[in-house]
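In my numbering, the protein residues as written are 3 to 948.
Note that beta-carbon positions come from the ideal geometry of N, C-alpha and C, so glycine has one too.
It should be emphasised that the depicted structure is a prediction, and the values quoted were computed from it without experimental measurement.
A short worksheet on the structure shown next.
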Amino acid sequence: MSKTIKFFLSTFIVAIILLTIFISSGATIYTDWLWFEELGFEKTFTIMFLSNFILRLLIGAIFAAVIYLNLHFTKKPINQFINIKSDDRVENLFGEERNQIFEWLNKKRLNLIYLFSSLIFGFLFSSISSNSWKIVLKYLNKTKFNSADPIFNNDISFYVFSLPFYTFLREMGMVLVVISLILVGAIYIIFTGIHSFSEISDKLGSRAKKHMSILVFVFLLFKAWDYRLQMYNILFSSDGVVFGAGYTDVNATLLGYKILFVTVIFVALAVLYSLFKNNYKPLVWGIAAWIGISIIFTGIYPAFIQQYRVEPNEISLEKEYIKNNIEMTQQAYELDNVQTKDFKISQSELTYAELMEYETVVDNIRLWDHRPLQTTYNQIQALRQYYAFEDIDVDRYQLGDKYTQVMLGARELDQNALATQAQTWVNLTLKYTHGLGFAMSPVGKVRENGLPEFLVQDIPPVTNSEHITLKNNSIYYGEKTNKYVIVNTDQTEFHYPMGAENVFTQYEGTGGVEVKGLFREAIYALRFGTLKMILSDDINNQSQIMYDRNIHQRVRKAAPFLKYDSDPYLVHAEGQLYWIYDAYTTTGLYPYSQPFNGSENYIRNSIKVVVDAYNGTLDYYIMDENDPIAATYSKIFDDLFKPADQMPDSLRQHIRYPQDLFKIQSNIYSTYHMDDPVVYYNREDVWAIPQENYQGSTIPVEPYYIMNQLPGEEKAEFTLMTPFTPANRNNMVAWMAARNDGEHYGELFTYRFPKDQLIYGPSQIESRIDQESEISRMLTLWSQRGSRVIRGNLLVIPINNSVLYVEPIFLQAENGGIPELIRVIVAHKNEIIMRENLQEALSALLKSDESPAVAAEEIEQVQQLTQEGQPLQPGQPGADSEAAQGPQTDQAISNLDSANRAELISRANELYQQAQQALQQGDFAAYGETINQLGEVLNQLSGTGE
C-alpha cells in the first residue's frame with residue numbers, strides 16, 4: 003500500500019471519528035436544548051451553554067495567541083541556525099541526519115508547526131476553565147451583602163464574588179506565562195547548542211535574553227498580585243485558635259505578605275534593569291532578598307510571634323479575633339437571630355388532665371419511625387412487585403378542624419422489578435411508564451393489629467377522609483423514574499392492576515418533548531443508542547418523550563449551580579401530587595465563618611423547587627430575597643426564578659424547614675451559642691447532639707418534626723427540633739427548634755433548661771429503659787424467638803413546663819415480615835411505662851401512683867408462644883391475638899411484691915434458655931419437662947398458681 007493511500011485512509015478514519023463525536027455531541031446538546039425549552043428555560047440553557055463555550059473559546063484563543071506570539075519570536079534564531087551548513091554545534095546535535103531535517107524544516111513548515119502547536123495548547127488549557135463560567139457570571143452580576151469584614155472593611159461580596167474572579171485571572175495568567183517560558187526556553191537552549199548551565203550566558207543571544215527576561219518580568223508581576231490576594235486569605239486561616247485571622251495572622255503574616263509584595267515588585271524591576279544595563283547585581287540581590295524574606299516572614303517570624311507573644315497571652319490577644327469568628331459564623335449560618343429563652347421545669351407532677359389540654363400535640367405524637375414504616379408500606383401497600391415506596395416523608399395537613407401530622411410515600415413504578423422476560427423495549431419505554439398514587443397515615447394512629455391507620459391507601463387510591471380529594475395521582479416524575487419513556491403512542495399505557503385484569507390509560511399532560519418527524523426520532527435514537535425509536539410503528543406525531551425524569555437529576559440539570567437537600571418530599575395539593583425540593587446557596591468564602599463539610603461556611607435555604615409529578619414542570623421560588631447569592635443568580639437567570647408570592651397557597655402551607663440545614667445549624671450552634679469570647683475560648687458551655695439506640699447501634703439523634711405548642715403560644719404548630727446535651731455529659735441542657743407554619747416560618751429559637759435540675763437526655767432514658775427489668779426482659783424474649791425488636795426514634799417532647807419521652811417498639815420477623823408497632827414506652831421524670839398503645843401508656847404514667855413498667859399479661863404472650871414452640875412473628879396466631887398484642891389489666895402482677903416478681907421473672911428467663919438449648923439439641927424429653935416447669939413459673943407470675 004502506497005504512502006498516499008495510507009495517508010488518505012488515515013485521514014478518512016480520523017474524519018469519521020471526529021464526525022461521529024461531533025454528531026453525538028450535537029445530538030446531546032440539541033436534545034438538552036429541547037428539554038430546557040419544554041420547561042420554559044431556554045434562556046437559562048443559552049446562558050449556561052454560551053457562557054461556558056465563549057469563556058473556553060476566549061481562554062483558548064488567548065492561550066493560542068500568546069503562545070504563538072512567543073514562538074514567533076524564536077523563528078529568527080532558528081532560521082539562522084538552520085542556514086548554517088557547517089557548524090560543530092549542529093553536527094553534535096543532529097549528526098548525519100541534519101541535512102534531511104534542515105531540508106524539511108523550512109520557514110513555511112515551521113510557521114505551521116508553531117500555529118498547530120499553539121492551537122493544541124489553547125484547546126487543552128481551555129478545558130481548565132470548564133466550571134469558571136459561574137465565577138465570571140457571578141462577578142459580573144454581584145450583589146452586595148451590606149456587611150463588611152472586620153479586618154479590611156470590605157463588603158462580603160468582595161470575597162464571595164470578586165476574589166474568586168481575581169484568583170482565576172491570576173492563575174490563568176501565571177499558567178500562560180510559565181508555559182510560554184518553558185517552550186521558548188527549550189527552543190532557545192536546543193537551537194543555540196547549550197549543553198550546560200554555564201554556557202547559557204555565553205551562547206544565549208541578546209534576543210533570547212530579552213525575550214525570556216520580559217516573560218520573567220510578567221511572571222513576577224503576577225506573583226506580586228498573588229501576594230496581594232493572599233493578604234485577604236488570612237481571613238480564612240485555620241492555624242489559630244479559631245477559624246479566620248488571628249493575632250499572628252494580622253500582625254505577622256499580613257506584614258510578611260506586604261513586604262513580599264514590595265520585594266517582588268523590586269525583583270521585577272531588577273529584571274528590566276539587568277536587561278538594559280547588563281548589570282545583574284540588583285537582580286541577584288533582589289532574588290536573594292526575596293528568598294530570605296519568604297523564609298523569615300512566612301515561617302520564622304509568625305512562628306516566633308505565636309510562641310513567644312501570643313501563647314503566653316492568648317486570651318487577651320485573641321479575644322478580639324474570637325469575637326470576630328463568633329459574630330461572622332452566626333451571620334453566615336443565620337444564627338444571629340436565634341431567640342433564646344428559659345424553659346422552666348414545673349416542680350409539680352404533670353397530670354393526665356393537664357396533658358390532655360394539649361389535645362393536638364398528644365394526638366400527633368409520632369409513633370411511627372420512617373425506617374420500619376417504609377418496610378410496612380412496601381409490604382402492605384405496594385401490592386405488586388413492580389411498585390415500591392422509595393421513601394417515607396413527614397408533613398402536616400389541615401383535615402377539617404384537625405391539624406394532623408402525617409407520614410406519606412409515593413407508590414412509584416420500579417421497572418427493574420418487572421419480570422426479566424417482561425423487560426422489553428416496548429414495555430420499558432411505551433407500556434410501563436408511571437407509578438400510581440400514594441399512601442398516607444397519621445403519625446399517632448395505630449390499628450389493633452399494630453399496623454398504620456391509613457388516610458389514603460390501595461390501588462386505585464382510596465381516601466378515608468372527606469378532606470382529601472384524589473384527582474390525578476399518576477407519577478411520571480419521581481425518585482425511581484430513572485429511564486426515558488414515550489407517551490401518547492399507539493400503545494396504551496399500563497395504569498394499574500384490577501383483579502385479574504389491567505386498567506390502561508393515555509397520558510393527557512404537558513410533560514415531555516414532542517417526537518414529531520423522522521429527524522427528531524433519529525436524534526433521540528442517537529442520544530439513547532437505539533434504532534427501535536425509528537423502527538417502532540407505535541410512535542406518532544403526537545408522541546412525547548420524557549427523559550431526565552428522576553427528580554434528583556432533573557433539578558440539578560436545570561440549575562447545577564445550586565446545592566440540594568438529600569430528602570425531597572411528596573405533597574398532595576388540590577388533588578395533584580408534587581415534590582418539594584429544598585435548594586441551598588452556599589460558599590466557602592465568608593470571612594471568619596467556621597466551615598462545615600470541610601470547605602463551605604455559608605448556607606441559605608433561599609430556594610424551594612416544586613416538581614409536578616405528572617407534568618414534570620419545575621418552579622424555582624426564591625424564598626429569601628435577602629440572600630445576596632440568590633439575588634445574584636436571579637439576575638443571571640431571570641427566566642428560572644420566581645418570587646415566593648407566586649407559590650400557590652396550597653403548596654406554601656406544606657413548605658417545611660429542611661432537616662439537612664437544621665442539622666448543620668444545630669451542630670454549629672452547639673458551640674457558637676457562646677457569645678462571650680472568654681467562655682468560648684475556655685469551652686465552658688459546649689453542647690453536643692445526644693445519642694440514641696436504634697437496632698442495637700448507638701447513633702446521633704436526628705432532628706425530627708413534631709406537632710408542639712410552644713410556650714406562650716395558643717395553638718400547636720409544626721416544628722422541627724433537636725435536643726442538646728453538654729459535651730461529655732448525657733443530661734439534657736437545651737433544645738432548639740425551627741418553626742414551619744405561616745408567617746413564623748424559618749424562625750429559630752432555643753430553650754435552655756435550668757442548670758440546677760437534672761433533665762434526662764435521650765441516652766439516659768435509653769439506659770433506664772434497658773435497666774427496667776420487666777421491659778428489658780420482654781424485649782430480650784421477643785428478640786430471641788425468630789423475631790427482631792426495633793426500637794424507634796426516642797422523641798423528646800417539651801410540653802407544659804415538663805418533658806415527655808416517647809419511644810415506639812416494633813416487632814418484625816427475621817425472615818422479612820411486616821414490622822408491627824406492638825408497644826409504646828413513655829417516660830416522665832423518674833417513671834417509665836410500657837404499654838400496648840400510647841393512650842394506655844400515658845394513662846398509666848400520669849394517672850396511677852404505682853404503675854408497673856410491664857403488666858402481667860405481657861408474660862402470657864411468652865408463655866403461649868413458648869408452649870407452641872413457634873417463633874414470635876407478627877401476623878401469626880398469638881402475635882396478633884389480644885394476648886400477644888398486650889395487657890388488658892395489671893392487677894395480677896400488682897398483687898405480687900416486687901422481690902418475688904423479680905425472682906420469678908429471672909427463673910422464667912433461665913428456664914426459657916434451657917428449653918431453647920434442649921430444642922436445638924433435639925432432646926425433646928428435656929424440652930417438654932423444662933416447658934412444664936416454665937409454665938408453673940408463669941402461672942405463678944400471672945397469679946393463677948397462687
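Check                                                                                                                            : Outcome
Cross-strand partners of Ile-547 (DSSP beta bridge)                                                                              : Ile-488 and Val-515
Whether Ile-477 touches Ala-412 by CB criterion (8 angstroms)                                                                    : yes
Buried/exposed call for Gln-425, threshold 16 Cβ in 10 Å                                                                         : exposed
Exposure of Glu-495, with buried meaning 16 or more beta-carbon neighbours within 10 Å                                           : buried
Buried versus exposed, by CB contacts within 10 Å (16 or more), Arg-449                                                          : exposed
Opposing strand residues paired with His-574 [DSSP bridges]                                                                      : Leu-579
Reference Ile-624; option with closest CA among Phe-643, Ile-631, Arg-606 and Asn-617                                            : Phe-643
Ala-718 in three-state terms, based on DSSP                                                                                      : coil
Cβ neighbours of Leu-36 in the same chain (closer than 7 angstroms, five flanking residues each side left out)                   : Val-515
Neighbour-count burial assignment, Asn-327, 16 or more Cβ in a 10 Å radius                                                       : buried
Residues of its chain near Asn-934, where Cβ-Cβ distance is below 8 angstroms and the 5 sequence neighbours each way are ignored : none
Boundaries (first-last residue) of the beta strand (DSSP E) holding Ser-608                                                      : 604 to 614
Per DSSP, the bridge partner or partners of Phe-643                                                                              : Tyr-622
Pro-454 burial status per 10 Å Cβ neighbour count (16 or more: buried)                                                           : buried
Rounded distance between the beta-carbons of Phe-219 and Val-273, thought under 8 angstroms                                      : 5 angstroms
Between the CA atoms of Thr-145 and Val-244 - distance to the nearest angstrom                                                   : 28 angstroms
Where Ala-390 sits in the DSSP three-state scheme                                                                                : strand
Cα-Cα separation, His-213 to Phe-224                                                                                             : 17 angstroms
Check whether Gln-773 and Ile-792 have beta carbons under 8 angstroms apart                                                      : no
Spatial distance of Gly-618 from Gln-381 (CA atoms)                                                                              : 28 angstroms
First through last residue of the alpha helix (DSSP H) which encompasses Trp-737                                                 : Trp-737 -> not in any alpha helix (DSSP H); beta strand (DSSP E) instead, spanning 736 to 741.
Bounding residues of the alpha helix (DSSP H) (the contiguous stretch that carries Gly-62)                                       : 44 to 74
Helix, strand or coil at Asn-934 according to DSSP, with G and I counted as helix                                                : helix
Those residues which DSSP pairs with Met-836 across a bridge                                                                     : Ile-827
Where Gln-916 sits in the DSSP three-state scheme                                                                                : helix
C-alpha distance - Phe-664 paired with Trp-292, whole-angstrom precision                                                         : 48 angstroms
For Tyr-586 and Asp-567, the rounded distance between their alpha carbons                                                        : 8 angstroms
Sub-8 angstroms separation of Met-409 and Asp-395 beta-carbons                                                                   : yes
Cβ-based neighbour list, Ile-18, same chain, cut-off 6 angstroms, excluding 5 preceding and 5 following                          : none
Those runs of the beta strand (DSSP E) which lie wholly inside the stretch 325 to 387 and span at least 3 residues               : 341 to 344
Cβ contact (3+ pairs, closer than 8 angstroms) linking the stretch 752 to 765 and the stretch 345 to 360                         : yes
Asp-569 and Lys-482 closer than 8 angstroms at C-beta                                                                            : no
Own chain partners of Gln-332 with C-beta closer than 7 angstroms, once the 5 adjacent residues on each side are dropped         : Asp-338 and Tyr-674
From Phe-521, Ala-632, Ile-61 and Val-680, residue whose alpha carbon lies closest to that of Asn-315                            : Val-680
Below-8 angstroms beta-carbon distance, Arg-741 vs any chain B residue                                                           : Protein chain content of the structure displayed is limited to a single chain, and chain B is not contained in it.
Cβ contact check for the stretch 233 to 240 and the stretch 250 to 264: 3 or more pairs under 8 angstroms                        : yes
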